[in-house]
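Notes follow the structure.
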Amino acid sequence: MYWASFSDFIHMGGYGLYVWGSFIACVLGLGMEWLLIRQQRKQVIQHLRRMALAQEMEDEEYEHSSLL
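In the numbering used here, the protein residues as written are 458 to 525.
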């Protein structure tokens with residue numbers, strides 16, 4: 458499409474509110490999705506590190522008890 462001015466581009470033939478509202482809603486939705494995935498990823502990594510540390514401690518405890 459070709460618009461004669463920036464104002465015509467913003468108004469989009471009378472559908473500007475719908476178009477830009479939808480655009481903003483999509484951008485906000487994608488942004489929130491990205492933030493939530495990032496937060497969940499950090500939590501999973503932290504949980505896995507704790508599990509690995511607990512397993513290491515359990516293995517060391519087993520080694521020490523088997524030496525006695």
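The beta carbon of each residue, even a glycine, is placed where N, CA and C say it ideally should be.
In whole angstroms, what is the alpha-carbon distance linking residue i and residue j?
i, j, result
"V476", "W491", "23 Å"
"G471", "F480", "15 Å"
"C483", "M489", "10 Å"
"L510", "Y519", "14 Å"
"I502", "L487", "22 Å"
Under 7 Å Cβ to Cβ from residue i, same chain only, skipping five residues before and after it: list those, please.
i, result
"M469", "V476"
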